[in-house]
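Visitor: First, the structure itself, so that you have it in front of you.
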Amino acid sequence: MARAAASKRIEQLRQEIRHHDHLYYVLDKPVLSDQAYDKLYRELVDLEKEHPDLITPDSPTQRVGGEPLKAFKTVTHKVPLMSLEKANNEEELLAFDKRVREALNNKDFDYFLEMKYDGLAISLKYENGILTQGATRGDGIHGEDVTTNIRTIKTIPLRLLKEVNIEVRGEVVLLNDDFIKLNEQRADNDEPLFANPRNAAAGSVRQLDPKISSDRPLMFFPYYGSPQKGIQTEDKMREYLSELGFKLNPLWKYSSIEEVIKAVHNLEDKRGKLDYEIDGVVVKVNDFVSQNKMGATARAPRWAIAFKYSPMQAESVIEDIQVQVGRTGAITPVAHLQPVHLAGVIVKRATLHNEDEIRRKEIRIKDHVKVQRAGEVIPEVVEVIKSKRTGHEKEFVMPQKCPVCGAEIFKPEGEAIARCTNATCPAQVMGRVRLFTSREAMDIEHVGWALIDQLVDRKLIHDAADLYTLEKADIMKLERMADKSAQNVINSIKASLDRPLERLIYALGIRLIGRRTAQLLADHYHDIDSLAGAQEDELSKIHEIGPKVAASIVTFFKQKGNRELIAKLKRAGVRVKGQGSRVIGPLSGKTFVFTGGLANYTRTSAEELVRKLGGSASGSVSKQTDYVVAGTDPGSKYEKARKLGVTILTEKEFEQLVGKGG
Ligand code: IVH
């Protein structure tokens, strides 16, 4: 390309890439697929290679990634977190091998292989075996201090099994199953859905409220440890990390690139069966002496390369489109496909999300389509292959009546989701009972989905309360139910009678009420009746409960069916009262938020003190907050408190208020 034209195009590409970097790294809301982004990036790299004099220090090729969000403290990585060179095919792996062998003068060496996890890169610092800091990668040099958030991740040891100083780097990921659950919860709560597990993991870690990240089951997989005496290779380092208490995944070691290539393809076949998402394999020279000899470019080490897998796509035919009915009556159209292999699993169904999506993608029954699992755990139809249309394709018409119970389907103006209007619809009943019995709700261990489906189908139960009047003889009539298993079912139902009030509130499946809100409500009301009798304005006065949530609660308890359900639960002996009445004390009615480091308390101990004195503590500042107690480096909550005119106390003033130290 001529210089003038190249210069123009380069500037265009840079602007576009910067925009997408911002969406991806800073806002966690990418709009471009990885391939589309890579294409832009490669075009820029190639043009800059052609015209090196046009390279400027602010080109996206000259740095590693986005900028940190404002609200977290910035952490400077002394050893930058680098990127990886990419190989898209075997030739590029062979070229890498050639470079390595040349640099090492054909000396013997091994390759070390591990999976390229698709999550959020995190650096952890341990001093004398104690976790002192967790930070995101950020732009590679400046990351965000997310220590409080990552401390909630169970696979990150707070104390190592040896008292050593070490920096460990790795990836925070969300397991596929947990991702599906999280999105289901968000759908119920009318919150925007995460596009894939990576975004969900990144969004969770970079939540300013660590309570929310602690609600999400994140995992940490390490792939780097800072130099340690006596450890000379990657595989020994992983072994050491595992001895320190980290969770490791399968790893491989090979002596030739041919074996590496074989293993890379092998893993690609198994990729769909993993519990988490990977977007490739990382191939590293195993020993550190050779690594040091090869060194790094400004961007990436020369001794490693990432083999990128293409998105998991396949072609299939839509044989039919049917709708599924969820717990809230939500109607989801699902494509039934000609079974097709997709990265190790056989896919027969793909979600079509909703009617608008079907229109937008112009999907018809009998269409040839591309199906994809790229980050999304549930396969989706990406596009129609229009060139394969025969003219016999049929448009899909949303049913007017629920396919399960025959009731009217209603779609409110301006909403994407249509719903079945019959609360006693068996599909809705099954969904509600599933929620009721789930581990997070009433935790009824031996009542699984298959059993619930049978119970509803045979009309042995019509709602969750009916579980409590089931008899062993009823259950023994069902499939695969012998005396002992039926007894287990009865016992586990009985054991749930005494669950805490917050679990019951959550188990009712009130729209917009997640576990955290259920806890707040249980803390505030003594029993289910006072909650059922609460008015909207009263509910809205509770800190963290907005008008939408308040309205949803009132609507729920207004419905006759729901009131009858509560009465039935009571008659069955389900505990509907809280553990104890609220504490009345000097701080009654006052809400506190703590921010920044305190000298004499941990955040939890300060919150406990407030509760002991009758007050309540919350994670976020709003107009309902009475006091914000600001310690060292207070951050965004402090700003918000100032804006809203909330009283801000120092730690000393707080102690005076609670009658200590003053
Ligand atoms: S090694 C100096 N190993 O990929 C080598 N990175 O494209 C730096 N990643 O930011 C990284 N799995 O977050 C390495 N097994 C693995 C990895 C891995 C995922 C991520 C990492 C890094 C990005 C680079």
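Counted from 1, the sequence shown has number 251 at position 251 by the numbering used here; the numbering is strictly sequential.
C-beta atoms are modelled at their ideal positions from N, C-alpha and C, and glycine is treated no differently.
As the structure is a computational prediction, the values presented were derived from the model and not from experiment.
Exposed or buried, L161, counting other C-beta atoms within 10 Å across all chains shown (16 or more means buried)?
Guide: Here residue 161 refers to the residue found at position 161 of the sequence shown. Exposed: under 16 other Cβ atoms inside 10 Å.
Visitor: Spatial neighbours of L657 within its chain, please: CB distance less than 6 Å, with the 5 preceding and 5 following residues excluded, ordered by chain position.
Guide: Along the sequence shown, one-based indexing puts residue 657 at 657. No residues qualify anywhere along the chain.
Visitor: Which value, in whole angstroms, describes the spacing of the CA atoms of R14 and S622?
Guide: Residue 14 sits at position 14 when you count from the first residue of the sequence shown. Residue 622 sits at position 622 when you count from the first residue of the sequence shown. Distance between the alpha carbons of R14 and S622 is about 40 Å.
Visitor: Taking 6 Å as the cut-off, is the C-beta of M664 nearer than that to any heavy atom in the ligand IVH?
Guide: One cannot answer for residue 664 here, as it falls past the ends of the chain, which runs 1 to 662.
Visitor: Please report the straight-line C-alpha distance between V205 and G134, rounded to a whole angstrom.
Guide: Along the sequence shown, one-based indexing puts residue 205 at 205. Along the sequence shown, one-based indexing puts residue 134 at 134. Approximately 10 Å, taken between the alpha carbons.
Visitor: Near E502, which residues of its chain fall below 7 Å by C-beta distance, leaving aside the five closest residues on each side in sequence?
Guide: Indexing the sequence shown from 1 puts residue 502 at position 502. Correct list, in chain order: A518, Q519 and A522.
Visitor: Return yes when at least one heavy atom of the ligand PLP lies under 6 Å from the C-beta of L84, else no.
Guide: Looking at this structure, you won't find the ligand PLP anywhere; what it does contain is the ligand IVH.
Visitor: Assess, as a yes-or-no matter, whether the stretch 324-333 is touched by the stretch 297-308 under the definition of 3 or more beta carbon pairs within less than 8 Å.
Guide: With the cut-off at 8 Å, the stretch 297-308 and the stretch 324-333 do not touch.
Visitor: Bridge partners for I505 per DSSP, in chain order?
Guide: Counted from its first residue, the sequence shown places residue 505 at position 505. None, per the DSSP bridge assignment.
Visitor: Hey, Q11 and L40: beta-carbon distance below 7 Å or not?
Guide: Within the sequence shown, the letter at position 11 stands for residue 11. Within the sequence shown, the letter at position 40 stands for residue 40. The sequence given here places Glu at residue 11; Gln does not occur at that position. It is not a contact, given that the beta carbons lie outside the stated cut-off.
Visitor: Report the three-state DSSP secondary structure of G203 (helix, strand or coil).
Guide: Translated into the one-based positions of the sequence shown, residue 203 becomes position 203. Helix.
Visitor: Under 7 Å, do P217 and D178 count as touching if we go by C-beta distance?
Guide: Translated into positions along the sequence shown, residue 217 becomes position 217. Translated into positions along the sequence shown, residue 178 becomes position 178. Yes.
Visitor: Taking its Cβ as the centre, do 16 or more other Cβ atoms sit within 10 Å of M312, making it buried, or is it exposed?
Guide: Counted from its first residue, the sequence shown places residue 312 at position 312. Buried.
Visitor: For the alpha helix (DSSP H) containing P547, name the first residue and the last one.
Guide: Residue mapping note: residue 547 aligns to position 547 of the sequence shown, counting from 1. Element bounds for P547: P547 to K558.
Visitor: Among residues of its own chain, excluding the 5 on either side of G295, which ones have a beta-carbon nearer than 7 Å to its beta-carbon?
Guide: The residue given as residue 295 occupies position 295 in the sequence shown. Excluding positions up to five away in sequence, the list reads R302.
Visitor: Alpha carbons only, please: which of E90, A103 and R642 is nearest the one belonging to V285?
Guide: Your numbering for residue 285 matches position 285 in the sequence shown. Closest option to V285, Cα to Cα, is A103.
Visitor: Using the rule of at least 16 other Cβ atoms within 10 Å of the residue's Cβ for burial, across every protein chain shown, is E48 buried or exposed?
Guide: As a working note, residue 48 is residue 48 in the sequence shown. Its Cβ being crowded by 16 or more others within 10 Å, E48 is buried.
Visitor: Please list the terminal residues of the continuous beta strand (DSSP E) segment that includes I318.
Guide: Counting from 1 along the sequence shown, the entry for residue 318 is found at position 318. That run of the beta strand (DSSP E) goes M312 to V325.
Visitor: For the ligand IVH, is there any heavy atom lying closer than 6 Å to the beta carbon of A263?
Guide: As a working mapping, residue 263 is identified with position 263 in the sequence shown. Outside the cutoff, so no.
Visitor: Closer than 8 Å is the cut-off here; do at least three beta carbon pairs connect the stretch 587-601 with the stretch 555-569?
Guide: As far as the Cβ criterion goes, the stretch 587-601 does not touch the stretch 555-569, which means the pair count is below three.
Visitor: Does at least one heavy atom of the ligand IVH sit under 6 Å from the Cβ of P227?
Guide: The residue given as residue 227 occupies position 227 in the sequence shown. Every heavy atom of the ligand IVH is 6 Å or more from the Cβ of P227, so no.
Visitor: Suppose only complete runs of 3+ residues qualify. What are the beta strand (DSSP E) ranges in the stretch 74-156, listed by chain order?
Guide: Runs of the beta strand (DSSP E) inside the stretch 74-156: 74-76, 111-117, 120-127, 130-136 and 142-144.
Visitor: As an exercise, report each continuous alpha helix (DSSP H) stretch of at least 4 residues that is fully enclosed by the stretch 326-399, in chain order.
Guide: With a minimum length of 4 residues, the continuous alpha helix (DSSP H) runs that stay inside the stretch 326-399 are 355-361.
Visitor: Have a look at the DSSP bridge pairing and note the partners of R439.
Guide: By one-based count along the sequence shown, residue 439 stands at place 439. BP columns for R439 are empty, so no partner.
Visitor: Would you list the one or two residues that DSSP bridges to L174?
Guide: Within the sequence shown, numbered from 1, the residue matching residue 174 stands at position 174. Per DSSP, L218.
Visitor: DSSP has S618 in a bridge; who is on the other side?
Guide: Sequence index remark: in the sequence shown, residue 618 carries index 618 (1-based). Partner(s): V593.
Visitor: What distance in whole Å lies between the Cβ atoms of G140 and P80, which are believed to be in contact at a cut-off of 8 Å?
Guide: Within the sequence shown, the letter at position 80 stands for residue 80. Within the sequence shown, the letter at position 140 stands for residue 140. 5 Å between Cβ atoms; contact.
Visitor: Less than 6 Å between the CB of P301 and some heavy atom of the ligand IVH, yes or no?
Guide: Residue numbering aside, residue 301 sits at position 301 when the sequence shown is read from its first letter. True, at least one ligand heavy atom lies under 6 Å from that Cβ.
Visitor: Counting C-beta neighbours from all protein chains within 10 Å, is the total for S242 16 or more, i.e. buried, or is it exposed?
Guide: Within the sequence shown, the letter at position 242 stands for residue 242. So S242 counts as exposed.
Visitor: For N249 and M219, I'd like the C-alpha separation in whole angstroms.
Guide: Position 249 of the sequence shown holds residue 249. Position 219 of the sequence shown holds residue 219. Near 12 Å, if we compare the C-alpha coordinates of M219 and N249.
Visitor: Measure the alpha-carbon distance for R458 versus V404 and round it to whole angstroms.
Guide: Position 458 of the sequence shown, counted from the first residue, corresponds to residue 458. Position 404 of the sequence shown, counted from the first residue, corresponds to residue 404. So the alpha carbons of these two residues sit roughly 15 Å apart.
Visitor: Does at least one heavy atom of the ligand IVH sit under 6 Å from the Cβ of A121?
Guide: Walking along the sequence shown from the start, residue 121 turns up at place 121. Yes, the beta carbon of A121 sits closer than 6 Å to at least one heavy atom of the ligand IVH.
Visitor: Please report the distance separating the alpha-carbon of L54 from that of A36.
Guide: Residue 54 sits at position 54 when you count from the first residue of the sequence shown. Residue 36 sits at position 36 when you count from the first residue of the sequence shown. Roughly 23 Å between the two C-alpha positions.
Visitor: Check each candidate in G245, F557, S605 and L451 and name the one with the smallest Cα separation from M481.
Guide: If you number the sequence shown from 1, residue 481 lands on position 481. Answer by Cα proximity: L451.
Visitor: Give me the residue from G578, F396, M398 and V429 with the minimum Cα distance to D498.
Guide: Indexing the sequence shown from 1 puts residue 498 at position 498. When only C-alpha atoms are compared, the closest one is G578.
Visitor: Within the continuous beta strand (DSSP E) that includes R419, where are the two ends?
Guide: Along the sequence shown, read from residue 1 onward, the residue named residue 419 stands at position 419. Per DSSP, R419 belongs to the beta strand (DSSP E) from A418 to C420.
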